[in-house]
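Chemist:
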Amino acid sequence: MSSSSPLLSVRGLTVSFDDFVAVDGLSFDLHEGETVAIVGESGSGKSVTALSIMRLVTLGTRASIDDGEILFRRPDGSVIDLVTQPEDVLRDIRGNQISMIFQEPLTSLNPVYTVGNQVAEAVMLHQGLDRAAAQQRALEMLERVRIPEAANRLKQYPHEMSGGMRQRVMIAMALSCDPTVLIADEPTTALDVTIQAQILGLMRELQHETNAAVILITHDMGVVAEVADQVVVMNRSKLVEAGPVLNIFEFPEQDYTKALLASVPRLGSMAGTTEPARFDLVDYES
Amino acid sequence: MTDSLVEVQNLSKAFPVAGGAKVHAVENVSLQIGRGETLAVVGESGCGKSTLAHLIIRLLDPTSGTVLLDGDDITDLGQRALRPHRQKMQIIFQDPFASLDPRRPVGRAVGEPLLIHKKASGATADTLVEELFHLVGLEGSMMRQYPHQFSGGQRQRICIARALALEPELVIADEAVSALDVSVQAQVVNLMMDLQQDMGLSYLFISHDLAVVERISHRVAVMYLGQIVELGPRSAIFENPQHSYTKRLLSAVPIADPRKRVERPLLTDEIPSPLWGPGTAPNHVELVEIEPGHFAAIEE
Numbered sequence: 001m002s003s004s005s006p007l008l009s010v011r012g013l014t015v016s017f018d019d020f021v022a023v024d025g026l027s028f029d030l031h032e033g034e035t036v037a038i039v040g041e042s043g044s045g046k047s048v049t050a051l052s053i054m055r056l057v058t059l060g061t062r063a064s065i066d067d068g069e070i071l072f073r074r075p076d077g078s079v080i081d082l083v084t085q086p087e088d089v090l091r092d093i094r095g096n097q098i099s100m101i102f103q104e105p106l107t108s109l110n111p112v113y114t115v116g117n118q119v120a121e122a123v124m125l126h127q128g129l130d131r132a133a134a135q136q137r138a139l140e141m142l143e144r145v146r147i148p149e150a151a152n153r154l155k156q157y158p159h160e161m162s163g164g165m166r167q168r169v170m171i172a173m174a175l176s177c178d179p180t181v182l183i184a185d186e187p188t189t190a191l192d193v194t195i196q197a198q199i200l201g202l203m204r205e206l207q208h209e210t211n212a213a214v215i216l217i218t219h220d221m222g223v224v225a226e227v228a229d230q231v232v233v234m235n236r237s238k239l240v241e242a243g244p245v246l247n248i249f250e251f252p253e254q255d256y257t258k259a260l261l262a263s264v265p266r267l268g269s270m271a272g273t274t275e276p277a278r279f280d281l282v283d284y285e286s
Numbered sequence: 287m288t289d290s291l292v293e294v295q296n297l298s299k300a301f302p303v304a305g306g307a308k309v310h311a312v313e314n315v316s317l318q319i320g321r322g323e324t325l326a327v328v329g330e331s332g333c334g335k336s337t338l339a340h341l342i343i344r345l346l347d348p349t350s351g352t353v354l355l356d357g358d359d360i361t362d363l364g365q366r367a368l369r370p371h372r373q374k375m376q377i378i379f380q381d382p383f384a385s386l387d388p389r390r391p392v393g394r395a396v397g398e399p400l401l402i403h404k405k406a407s408g409a410t411a412d413t414l415v416e417e418l419f420h421l422v423g424l425e426g427s428m429m430r431q432y433p434h435q436f437s438g439g440q441r442q443r444i445c446i447a448r449a450l451a452l453e454p455e456l457v458i459a460d461e462a463v464s465a466l467d468v469s470v471q472a473q474v475v476n477l478m479m480d481l482q483q484d485m486g487l488s489y490l491f492i493s494h495d496l497a498v499v500e501r502i503s504h505r506v507a508v509m510y511l512g513q514i515v516e517l518g519p520r521s522a523i524f525e526n527p528q529h530s531y532t533k534r535l536l537s538a539v540p541i542a543d544p545r546k547r548v549e550r551p552l553l554t555d556e557i558p559s560p561l562w563g564p565g566t567a568p569n570h571v572e573l574v575e576i577e578p579g580h581f582a583a584i585e586e
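Going down the list, the protein sequences come from chains W and L. Each residue of the first sequence is one higher than the one before, counting from 1 in my numbering. Each residue of the second sequence is one higher than the one before, counting from 287 in my numbering.
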């Protein structure tokens with residue numbers, strides 16, 4: 001609630017891969033119960049930002065965090081800089097206090113374990129529950145993400161489920177340890193539009209229930225308009241502009257944001273016409 | 287005699303799977319595509335929209351039904367007999383990188399249809415290829431570069447240039463702009479509309495993205511489980527949808543306007559399987575004309 005102390009504060013984050021600077025001096029704040037959308041086109045640095053917060057970006061890559069800090073307020077009230085934390089502290093935070101869901105649930109789920117085991121794994125690891133208690137928690141979580149016949153679904157393998165159900169499982173897994181921050185990287189991009197609508201509705205409802213803060217990485221301005229409180233627009237590794245969602249859509253200040261918004265197809269914009277019509281594009285010289 | 291370029295009558299495709307069951311991917315579809323017209327086919331994964339496109343262009347053989355192109359029945363033609371008709375119809379796919387040979391300069395890819403169909407060769411072909419590059423907004427000198435040297439949007443322009451090499455009448459765009467960033471997508475959609483104006487092309491525009499479809503199409507067919515459940519002028523489909531599935535699709539699209547937020551019901555229902563066991567088959571939906579040119583399936 002307090003605007004003075006953010007839950008997560010990214011300050012001057014700079015990440016590079018060899019000579020290529022993928023994120024250049026990015027700063028933004030995230031408060032409790034709030035959704036910040038990071039939007040931009042391919043290669044703008046939005047996913048690298050997400051992976052940097054999880055401190056996954058440097059694992060097995062040549063990436064390095066060159067500058068900046070990522071201040072995270074832990075549930076006990078202490079504030080730590082994630083950039084400088086050792087791996088054992090990070091391991092306690094990842095999937096526990098900050099968790100993440102990705103675009104393609106099938107590649108995030110292990111094909112040879114039942115979904116019940118995979119949801120249970122996180123709570124056994126982080127919260128020290130025994131197998132029976134963890135299975136019970138997994139069942140609760142599947143019910144919470146509104147998976148029908150959850151008890152039967154627990155015993156299923158990922159390939160036996162549809163894309164929408166798999167993404168529900170990922171959300172169940174991500175929320176199983178009651179994280180204060182959920183990072184969702186293109187969570188509905190691979191889903192059909194009717195399933196996307198279900199998942200967006202579900203995420204909003206769960207956020208209401210848990211008061212978790214959400215960082216939503218997306219290229220879809222429709223999704224942004226529907227769920228974001230704050231918007232961070234990125235282009236070519238840099239922050240272009242940031243602000244409340246209404247301001248960004250109605251009073252964009254930067255040319256890039258205006259050009260981006262002009263190229264978004266908006267359902268209903270052709271009402272009253274019969275012929276196709278070109279997009280009225282705004283020139284943007286990058 | 288109608289002025290339809292393509293006429294599809296009762297087209298079906300069932301893929302057999304183990305145990306005698308069949309996936310009824312396309313079931314009893316009938317439609318026309320007029321000259322200079324864009325017909326969009328919309329629907330979700332597995333609804334049969336890509337299979338329909340492949341049947342029309344004869345990349346797949348139908349189980350039953352007919353495809354007429356320019357009044358000629360091309361349904362049962364062999365590869366050789368099909369070749370002159372193939373010139374009239376071309377297809378562009380979703381992923382341009384997968385559609386271009388990584389080891390050949392892109393100019394060769396664009397010129398290949400001219401060589402195969404003996405339309406031009408040597409310097410004449412090079413000149414035509416250069417013109418095609420200009421047509422889609424690329425520099426002629428880019429002919430000698432390789433696919434990896436281009437951005438996704440440029441690659442899709444190259445695929446469009448190749449599709450236009452034989453001056454086709456019908457271009458099938460199968461999710462052709464779906465993988466592009468939104469600003470690039472808008473540019474490619476604009477290019478496609480300009481080309482339609484200049485060349486009188488007909489498009490079969492296969493897409494799951496209703497907002498793009500609203501921009502580009504004259505008419506829209508909504509597919510569900512292999513069948514068309516609603517078909518009509520774009521304005522009728524978007525402003526006066528009749529079928530429950532069309533309404534559901536439209537209401538699911540997120541609107542890029544934060545003032546128009548809607549409550550999303552917490553549904554978990556999903557589309558049933560198009561798989562039918564041995565000896566069973568889906569019931570054909572019956573379309574009724576509810577206003578001129580606007581057809582919708584009757585629902586119980």
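Where is the CB? At the ideal position from N, CA and C, for every residue including glycine.
1. Report the rounded CA-to-CA distance for L:I377 versus L:L490, giving the unit in angstroms.
2. Comparing alpha-carbon positions, which option in W:Q156, W:V227, W:L90 and W:L30 lies nearest L:E549?
3. Would you mind stating whether L:V396 and L:I444 have Cβ atoms separated by less than 8 Å?
4. Which residue marks the beginning of the beta strand (DSSP E) containing W:R11, and which one marks its end?
5. Going straight from the alpha carbon of W:Q136 to that of W:F102, what length do you get?
6. Just by C-beta distance, which residues in the region 475–494 of chain L are closer than 7 Å to chain W?
7. Span of the alpha helix (DSSP H) holding W:Q156?
8. Would you please state the rounded distance, in angstroms, between the beta carbons of L:V312 and L:L338? I believe it to be under 8 Å.
9. What does the alpha-carbon distance come out to for the pair W:M1 and W:A212?
10. Relative to the alpha-carbon of W:V181, which residue among W:E209, W:D283, W:M234 and W:M100 has its alpha-carbon at the smallest distance?
11. Do the CB positions of W:F249 and W:L261 come within less than 8 Å of each other?
12. Report all residues from its chain with a CB closer than 7 Å to the CB of W:M270; omit the five preceding and five following residues, and keep chain order.
13. With DSSP run on the structure shown, which of helix, strand or coil describes L:F436?
14. Which bits of chain W does L:H504 rub up against, with CB to CB less than 8 Å?
15. Could you say which of L:D347, L:D289 and L:G332 lies nearest to L:S298 if we only look at CA atoms?
16. Around the C-beta of L:E323, are 16 or more other C-beta atoms found within 10 angstroms, so that it is buried, or is it exposed?
17. Quick check for students: name the residue ranges of the alpha helix (DSSP H) that lie wholly in the region 443–506 of chain L, counting only runs of 4 or more.
18. Relative to the C-alpha of W:D255, which candidate in W:D229, W:L246 and W:Y284 has its C-alpha closest?
19. Please determine, among W:R266, W:N96 and W:G163, the residue with the shortest C-alpha to C-alpha distance to W:M221.
20. If you compare alpha carbons, which of W:L7, W:S16, W:L281 and W:S44 is closest to L:V475?
21. From the DSSP output, in three-state form, read off W:S78 for me.
22. Could you tell me whether the region 50–69 of chain W touches the region 12–19 of chain W, where touching means 3 or more Cβ pairs closer than 8 Å?
23. Within the chosen definition, does the region 102–116 of chain W reach the region 154–170 of chain W through at least 3 CB pairs nearer than 8 Å?
24. What do you get for W:N372, buried or exposed, if any count of 16 or more other CB atoms within 10 angstroms of its CB means buried?
25. Might you give, ordered along the chain, the residues of its own chain that have their beta carbon closer than 8 Å to the beta carbon of L:Y432, omitting 5 neighbours on each side?
26. How many Å lie between W:P105 and L:H403 at the Cα?
27. From the beta carbon of L:S521, is the nearest beta carbon of chain W less than 8 Å away?
28. Out of curiosity, what's the CA-to-CA distance linking L:T340 and W:M203?
29. Please check if any C-beta of chain L sits within less than 8 Å of the C-beta of W:F279.
30. Got a sec, what are the start and stop residues for the beta strand (DSSP E) W:M100 sits in?
Modeler: By the coordinates alone:
1. 9 Å
2. W:V227
3. yes
4. L8 to F17
5. Distance from the CA of W:Q136 to the CA of W:F102, rounded to the nearest whole angstrom, comes to 25 Å.
6. V475, N476, M479 and H494
7. No alpha helix (DSSP H) holds W:Q156; DSSP gives it neither H nor E.
8. 5 Å
9. Because W:M1 sits at a pLDDT of 44, beneath the cut-off of 50, its placement in the model cannot be relied upon, and the point is left open.
10. Considering only alpha carbons, the answer is W:M100.
11. yes
12. A277
13. Three-state DSSP puts L:F436 in coil, outside helix and strand.
14. T274, E275 and P276
15. Here the closest residue by C-alpha is L:D347.
16. buried
17. Contiguous alpha helix (DSSP H) elements confined to the region 443–506 of chain L occur at 468–485 and 496–502, taking only those with 4 or more residues.
18. If we check each option's Cα against that of W:D255, W:Y284 comes out closest.
19. The residue with the shortest Cα to Cα distance from W:M221 is W:R266.
20. Of the candidates W:L7, W:S16, W:L281 and W:S44, the one whose C-alpha sits nearest the C-alpha of L:V475 is W:L281.
21. coil
22. yes
23. yes
24. Since the first and last residues shown for chain W are 1 and 286, residue 372 of chain W lies out of range.
25. So the list reads P388, R389, R390, P391 and V392, once near-sequence residues are dropped.
26. W:P105 and L:H403 have their C-alpha atoms some 45 Å from each other.
27. yes
28. The sequence given here has His at residue 340 of chain L, not Thr. When rounded, the distance between both Cα atoms is 37 Å.
29. yes
30. I98 to I101
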